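Quick mapping for you: the protein sequence lines, in order, are chains A and B. Under our numbering, think of the first position of the first sequence as 116, with each following residue one higher. Under our numbering, think of the first position of the second sequence as 42, with each following residue one higher.
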Amino acid sequence: MTSGLWELVLKGIWVTVQLLFLSALLAGAVSFVVGIARTHRLWIVRFLAGFYTEVFRGTSALIMIFWVYFVLPPAFGWQLVPMWAGTLALGLTYGAYGSEVVRGALNAVDPAQREGGIALSFTPWQRMRLILLPQAVPEMIPSFSNLLIELLKGTALVSVMGMGDLAFSANLVRLALQQSAEIYTYVLLIYFVIAFLLTRVMRGLEKRLKAGVGKRPEGDRSKLALRREMADASAGGGTGVGGIR
Amino acid sequence: MKWDWSAVGDFMPHFWDGLLVTLQALVLGSVISFALGLVWALLMRVPTRWVRWPVGVVTEFIRNTPLLVQLFFLFYVLPEWNITFSALTTGVVAIGLHYSTYTMQVYRAGIEGVPPGQWEAATALNLPLRRTWTAVILPQAIRRVVPALGNYVISMLKDTPLLMVITVLEMLGEARLYSQQHFQFTEPLTVIGVAFILISYPASLLMRALERRLVR
Numbered sequence: 116m117t118s119g120l121w122e123l124v125l126k127g128i129w130v131t132v133q134l135l136f137l138s139a140l141l142a143g144a145v146s147f148v149v150g151i152a153r154t155h156r157l158w159i160v161r162f163l164a165g166f167y168t169e170v171f172r173g174t175s176a177l178i179m180i181f182w183v184y185f186v187l188p189p190a191f192g193w194q195l196v197p198m199w200a201g202t203l204a205l206g207l208t209y210g211a212y213g214s215e216v217v218r219g220a221l222n223a224v225d226p227a228q229r230e231g232g233i234a235l236s237f238t239p240w241q242r243m244r245l246i247l248l249p250q251a252v253p254e255m256i257p258s259f260s261n262l263l264i265e266l267l268k269g270t271a272l273v274s275v276m277g278m279g280d281l282a283f284s285a286n287l288v289r290l291a292l293q294q295s296a297e298i299y300t301y302v303l304l305i306y307f308v309i310a311f312l313l314t315r316v317m318r319g320l321e322k323r324l325k326a327g328v329g330k331r332p333e334g335d336r337s338k339l340a341l342r343r344e345m346a347d348a349s350a351g352g353g354t355g356v357g358g359i360r
Numbered sequence: 042m043k044w045d046w047s048a049v050g051d052f053m054p055h056f057w058d059g060l061l062v063t064l065q066a067l068v069l070g071s072v073i074s075f076a077l078g079l080v081w082a083l084l085m086r087v088p089t090r091w092v093r094w095p096v097g098v099v100t101e102f103i104r105n106t107p108l109l110v111q112l113f114f115l116f117y118v119l120p121e122w123n124i125t126f127s128a129l130t131t132g133v134v135a136i137g138l139h140y141s142t143y144t145m146q147v148y149r150a151g152i153e154g155v156p157p158g159q160w161e162a163a164t165a166l167n168l169p170l171r172r173t174w175t176a177v178i179l180p181q182a183i184r185r186v187v188p189a190l191g192n193y194v195i196s197m198l199k200d201t202p203l204l205m206v207i208t209v210l211e212m213l214g215e216a217r218l219y220s221q222q223h224f225q226f227t228e229p230l231t232v233i234g235v236a237f238i239l240i241s242y243p244a245s246l247l248m249r250a251l252e253r254r255l256v257r
């Protein structure tokens with residue numbers, strides 16, 4: 116491959132990274148707004164948020180992208196710049212998946228925490244901001260990390276609409292060189308490296324957030340804690356299920 | 042915004058053709074992913090790391106790279122190696138392979154969820170390894186993972202429109218073809234969008250019901 120072709124690939128990487136960043140921001144915002152709305156006390160708010168989730172999870176991301184590109188412009192007279200159209204379609208779709216994560220994590224917070232907030236006469240918004248979210252957010256990170264990888268894979272879909280991302284640049288190089296094995300192997304490897312970096316960053320974030328509420332990340336227990344658990348298990352082994360603990 | 046019902050009527054015959062291809066791809070892709078996922082999951086339990094390590098790397102690689110690029114890879118690179126499949130076969134293989142790396146994790150969780158007492162009982166009864174797997178472990182593991190596998194079938198359904206890019210005329214392919222011929226984009230695209238919701242939402246309700254019944 117010549118350096119000119121590599122330049123094409125580099126531009127593609129840059130577009131993919133930009134699109135990933137913007138749609139991840141939008142998806143994050145959507146998932147928190149919709150996810151919190153699904154725990155609202157008014158049924159109509161819960162219903163609308165649930166309806167949104169089912170519609171956007173029910174249909175395919177590629178169809179959403181087609182819809183934003185082809186139906187939105189004639190129907191409403193909007194013509195979006197490709198980057199924003201891609202961001203909108205991906206952000207709304209993956210935001211719907213993310214809202215399930217947010218809702219699940221909020222529901223998993225110990226009910227006593229919410230009751231404590233009521234007893235201290237916090238307003239609903241204070242309860243959410245000061246009690247529920249700080250405990251729920253660290254629990255969301257592993258699921259969000261998986262979703263982020265799905266989103267990265269989703270960004271390749273915009274190349275179908277002719278946006279010059281990494282998958283699109285692969286196609287251009289294939290046409291220029293008249294052979295595909297080499298370039299597609301490189302492009303798959305580049306996607307894999309990006310995904311690997313993302314999981315690393317998310318794992319670091321999880322560690323920091325969990326340290327903030329006094330927890331350890333999953334699967335990362337110190338030797339001391341493990342030994343203590345083993346000691347507990349062997350000490351409690353004799354008493355069995357009915358034993359006093 | 043103009044909505045033209047006659048365009049919907051004209052599109053419907055194409056829609057049914059597309060639906061048939063979508064369902065074909067879905068069923069065959071599911072079969073491949075279920076079978077291959079089980080193979081991966083079992084290979085990951087082989088005692089030597091010379092098997093586990095390559096299988097782990099390959100499946101991790103397939104899971105973390107876009108299905109779209111994998112489709113292009115199979116569609117353009119295999120003919121260079123003198124292996125030619127039809128577009129639909131290529132698509133089915135790609136989807137099956139991609140999702141087998143997800144079902145593999147489902148099977149793994151199912152196998153690990155079988156209580157250790159079952160393994161010990163199989164040893165105590167002196168069952169050979171093969172019988173331990175086929176008669177004791179797998180029946181219990183698979184029963185537990187049916188709803189999770191079903192959820193991946195729904196995800197797979199939502200990824201079948203990707204086959205359009207390698208010239209398979211499934212639902213989205215038919216819609217695009219019709220749009221380009223008649224210059225009406227709104228109706229066909231909306232029809233298939235609604236069709237996807239109408240299929241996948243009841244299916245996800247079914248999986249939730251199955252989960253309540255099978256997993257306890």
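The C-beta atom is built at its ideal place from N, Cα and C for all residues, glycine as well. Please read all numbers here as calculations on a predicted model, not as lab measurements.
Option nearest residue i by Cα separation, candidates the options
i, options, result
"residue 189 of chain A", "B/250, B/120, B/253 and B/227", "B/227"
"residue 212 of chain A", "A/262, A/132 and A/239", "A/262"
"residue 86 of chain B", "B/63, B/188, B/148 and B/250", "B/148"
"residue 68 of chain B", "B/254, B/136 and B/124", "B/136"
"residue 254 of chain A", "A/241, A/202 and A/216", "A/216"
"residue 56 of chain B", "B/232, B/129, B/255 and B/194", "B/232"
"residue 309 of chain A", "B/75, B/91, B/83 and B/106", "B/106"
"residue 315 of chain A", "A/298, A/304 and A/264", "A/264"
"residue 199 of chain B", "B/253, B/246, B/240 and B/88", "B/240"
"residue 202 of chain B", "B/194, B/111, B/213 and B/125", "B/213"
"residue 134 of chain A", "A/228, A/158 and A/203", "A/203"
"residue 170 of chain B", "B/83, B/123 and B/245", "B/83"
"residue 108 of chain B", "A/172, A/198 and A/307", "A/307"
"residue 113 of chain B", "A/226, A/297 and A/176", "A/297"
"residue 180 of chain A", "B/217, B/254 and B/89", "B/217"
"residue 103 of chain B", "A/313, A/303, A/319 and A/317", "A/303"
"residue 117 of chain A", "A/170, A/289, A/272 and A/176", "A/289"
"residue 268 of chain A", "A/209, A/235, A/158 and A/182", "A/209"
"residue 200 of chain A", "A/161, A/285 and A/275", "A/275"
Integer Cβ distance of residue i from residue j, believed to fall under 8 Å
i, j, result
"residue 134 of chain B", "residue 73 of chain B", "7 Å"
"residue 62 of chain B", "residue 210 of chain B", "6 Å"
Close beta carbons around residue i, own chain, < 7 Å, minus the five adjacent residues each side
i, result
"residue 291 of chain A", "120"
"residue 206 of chain A", "138, 141, 142 and 145"
"residue 220 of chain A", "251, 254 and 255"
"residue 287 of chain A", "123"
"residue 155 of chain B", "178, 181 and 182"
"residue 244 of chain B", "195"
"residue 174 of chain A", "none"
"residue 52 of chain B", "219, 228, 229 and 232"
"residue 353 of chain A", "Because residue 353 of chain A sits at a pLDDT of 38, beneath the cut-off of 50, its placement in the model cannot be relied upon, and the point is left open."
Close beta carbons around residue i, own chain, < 6 Å, minus the five adjacent residues each side
i, result
"residue 191 of chain B", "248"
"residue 355 of chain A", "Interpretation of residue 355 of chain A is limited by its pLDDT of 37, a score under 50 that renders its predicted location unreliable; no figure is taken from the coordinates."
"residue 164 of chain A", "149, 152 and 153"
"residue 371 of chain A", "Not covered by the structure: residue 371 of chain A. The range shown for chain A is 116 to 360."
Sequence-distant residues of its chain with Cβ nearer than 8 Å to residue i (five each side left out)
i, result
"residue 79 of chain A", "Lying before the first or after the last residue shown, residue 79 of chain A is absent from chain A, which here runs from 116 to 360."
"residue 92 of chain B", "84"
"residue 236 of chain B", "56, 60 and 212"
"residue 66 of chain B", "129, 132, 133, 136, 201, 204, 209 and 211"
"residue 228 of chain A", "246, 247 and 250"
Are the stretch 148-167 of chain A and the stretch 170-183 of chain B touching by the rule of at least three beta carbon pairs closer than 8 Å? Contact between the stretch 148-167 of chain A and the stretch 170-183 of chain B is absent, because fewer than three Cβ pairs lie under 8 Å.
Is the stretch 317-326 of chain A touching the stretch 279-294 of chain A in the sense that three or more CB pairs, one from each, lie closer than 8 Å? no
Flag this pair as touching only if the stretch 113-131 of chain B and the stretch 46-59 of chain B have three or more C-beta atom pairs under 8 Å; answer yes or no. Contact between the stretch 113-131 of chain B and the stretch 46-59 of chain B is absent: fewer than three C-beta pairs spanning the two stretches fall below 8 Å.
Tell me, please, whether the stretch 292-304 of chain A touches the stretch 209-224 of chain B by the rule of three or more beta-carbon pairs shorter than 8 Å. no
Counting pairs of beta carbons, one from the stretch 154-172 of chain B and one from the stretch 123-132 of chain B, are three or more of them closer than 8 Å? no
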